[in-house]
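Have a look at the structure below, then the notes.
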């Protein structure tokens with residue numbers, strides 16, 4: 066028994082003693098040929114394993130034939146392999162296996178015949194395929210290209226609805242004596258199937274409503290893209306938690322298929338609580354509640370309420386949405402909005418008065434949203450009417466309580482009325498948005514253009530007349546591998562009556578009160594995270610040209626960003642802008658700064674430090690800005 070154990074241990078020790086590795090060199094090959102040979106040669110694949118000498122010699126004998134088989138798919142049938150194997154000359158050394166390959170002349174394609182029979186013979190997709198396929202006479206025979214061509218034919222047939230398509234001849238004839246090869250491919254497409262009925266396996270919505278998600282009509286040719294579009298449209302609708310689209314051959318209509326949509330309805334109600342912070346808004350909280358579907362027509366109801374720390378802003382919205390047309394490119398909605406915020410004396414740069422008022426807006430908007438194409442631009446168009454009411458008091462912002470009493474005594478009540486705004490406006494509101502970006506979250510090439518037109522007529526359910534045009538643009542371009550440039554600009558013009566109402570003595574100075582006869586929410590102020598950084602949110606109000614805000618707006622910003630790590634980038638920027646009532650008195654407020662960007666899992670986080678320049682009142686003042694969100 067002892068001797069057997071000894072012999073067993075000796076065998077194990079002997080096996081370990083002869084465990085060697087191999088250096089394998091394949092000479093005379095490169096690129097795809099080398100990679101394929103390395104993948105097929107067993108000794109190369111096991112060169113880092115511990116092998117005994119017998120196993121090494123066995124794999125070495127197989128290598129030459131493996132190299133030949135590896136190169137045959139590329140048309141090399143006459144190659145010569147000179148193989149050598151050298152044992153290590155010292156303990157711990159490696160075996161040396163060298164294979165010198167002479168490829169010889171490749172087999173060339175002599176005749177290539179690819180014929181399409183059936184209804185696909187004149188199909189433009191197949192005509193284009195035959196013109197572009199890679200198998201050409203005079204080129205080296207490539208078996209991989211041949212197999213890919215066959216597979217591409219089958220895939221194209223499936224995509225275009227030739228469901229009975231088959232290869233009735235597929236043959237490669239290699240003539241080794243003259244290094245030539247012939248290819249014969251005969252493809253019978255059979256008939257092109259059409260789309261018949263659509264079965265909706267759900268019981269919430271009417272068939273008429275569900276048909277709005279179809280991009281095809283009964284009798285249209287079967288196209289796989291049509292079914293993929295249907296799958297994507299239903300999944301993106303928000304109505305369904307599961308979507309499965311499949312087909313079966315129609316019983317009633319020959320050469321047609323029925324489309325079956327197996328759908329699982331999602332929850333009717335959805336809600337979301339929000340908590341956030343921004344340097345413009347301060348702390349903000351909100352609650353969203355919605356009903357994804359109200360009836361068989363897919364109508365939706367969404368509501369939201371929110372509060373922001375800055376200006377003690379309160380927001381509430383109720384929105385009713387109706388999908389309109391078959392292509393889902395148009396929908397209607399009715400929106401009720403409530404907005405209230407504090408407006409204080411400091412917002413209009415009045416010294417010696419510490420008053421505040423509450424600006425309350427209430428509006429009802431009826432709008433149609435439509436996707437349209439104009440000059441090859443894909444536009445999002447919104448056309449609607451809005452009834453807006455707004456009221457607040459300016460007297461507490463301008464005068465102490467004692468001065469208010471004197472003003473009401475000595476100034477005509479009608480003239481004081483402009484300081485107690487109470488607007489009722491029925492306005493036409495139109496907007497167009499163009500967006501093109503490689504990635505809206507973080508773009509290296511993108512642009513966005515938004516154009517608004519608004520107007521109202523005194524006497525037509527309104528107590529003011531005005532019209533307004535507003536243009537917002539942003540352009541992003543890559544400058545090099547790690548850098549990008551960002552350009553932002555906004556411009557607005559408002560045609561509205563302005564009253565140089567009062568010029569009162571106050572603290573030995575004059576206060577010009579230029580009242581624009583338009584709601585505050587339709588006038589302009591600027592400054593903040595997304596306009597002229599270095600200034601507080603909407604702190605730029607036009608100076609002595611305006612009281613509440615300005616009729617016109619002009620801002621511009623330029624920024625350079627450099628990505629120094631995968632998730633971090635730095636930027637430098639300059640902004641300028643102002644609001645004004647008089648084009649002859651345009652003075653831009655300027656700022657500059659730098660920032661850091663974190664490309665987080667939830668979106669881009671922008672942290673900026675900026676300071677005003679050419680502004681004596683704001684000398685040596687810096688402001689921090691924090692924004693979380695996508696580029697567009």
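In the numbering used here, the protein residues as written are 66 to 697.
Ideal Cβ placement from N, Cα and C applies to all residues, glycine included.
None of these values were measured; they are calculated from a predicted model.
For residue 147, the enclosing beta strand (DSSP E) covers residues 145 to 151. In the three-state DSSP reduction, residue 184 falls in the helix class (H, G or I). Between the region 340 to 349 and the region 278 to 287 there are fewer than three C-beta pairs closer than 8 angstroms, too few to call the two in contact.
Nearest to residue 560 by C-alpha distance, out of 275, 551, 540 and 529, is 529.
In this structure, the beta-carbon distance from residue 641 to residue 623 does not fall below 7 angstroms. Annotation note: the region 221 to 251 contains no uninterrupted alpha helix (DSSP H) run of length 4 or greater. Using a 10 angstroms sphere on the CB of residue 241, the tally of other CB atoms stays under 16, which defines it as exposed.
Assigned with DSSP and collapsed to three states, residue 262 falls in strand. In the structure shown, residue 648 falls within a helical segment according to DSSP collapsed to helix, strand and coil.
For residue 183 and residue 262, the gap between their C-alpha atoms comes out near 25 angstroms.
Counting only runs that start and end inside the region 280 to 318, the alpha helix (DSSP H) elements of at least 4 residues fall at 289 to 301. Distance from the CA of residue 610 to the CA of residue 581, rounded to the nearest whole angstrom, comes to 11 angstroms. Cα atoms of residue 538 and residue 635: separation of roughly 23 angstroms, rounded to the nearest angstrom. According to the DSSP assignment, residue 121 belongs to the alpha helix (DSSP H) that extends over 118 to 136.
A direct Cα-to-Cα measurement between residue 206 and residue 245 gives close to 8 angstroms. The beta-bridge partner set that DSSP reports for residue 521 consists of 492 and 531.
With fewer than 16 neighbouring CB atoms inside 10 Å of its own CB, residue 475 falls in the exposed class. Spatial neighbours of residue 501 in its own chain (CB-CB distance under 7 angstroms, excluding positions within 5 residues in sequence) are listed in chain order as 511 and 512.
In this structure, DSSP gives residue 276 a helical state, which the three-state scheme calls helix.
When rounded, the separation of the alpha-carbon atoms in residue 489 and residue 271 is 41 angstroms. In the structure shown, residue 214 adopts helical secondary structure according to DSSP, grouped into three states. Residues 435 and 436 of the same chain have their beta carbon placed closer than 7 angstroms to that of residue 394, with the five preceding and five following residues left out of the count.
By the CB criterion at 7 angstroms, residue 607 and residue 667 fall outside the cutoff.
Residue pairing by DSSP places residue 362 opposite no residue, since no beta bridge is assigned to it. Rounded to whole angstroms, residue 689 and residue 456 show a C-alpha spacing of 33 angstroms. Taking one beta carbon from each stretch, the region 150 to 162 and the region 112 to 126 have 3 or more pairs nearer than 8 angstroms; the two touch. Here residue 374 is actually not in contact with residue 409; their C-beta atoms are around 14 angstroms apart, not less than 8 angstroms. Listed in chain order, the non-local C-beta contacts of residue 359 below 8 angstroms within the same chain comprise 365 and 366, local neighbours out to five positions each way being set aside. Burial of residue 519 is indicated by the presence of at least 16 other C-beta atoms within 10 angstroms of its C-beta. According to the DSSP assignment, residue 192 belongs to the alpha helix (DSSP H) that extends over 189 to 197. Per DSSP, reduced to three states, the secondary structure at residue 586 is helical. Residue 222 places its beta carbon less than 7 angstroms from that of residue 230.
One alpha carbon belongs to residue 376, the other to residue 407, and they sit about 5 angstroms apart. The C-alpha of residue 471 is placed about 49 angstroms away from the C-alpha of residue 385.
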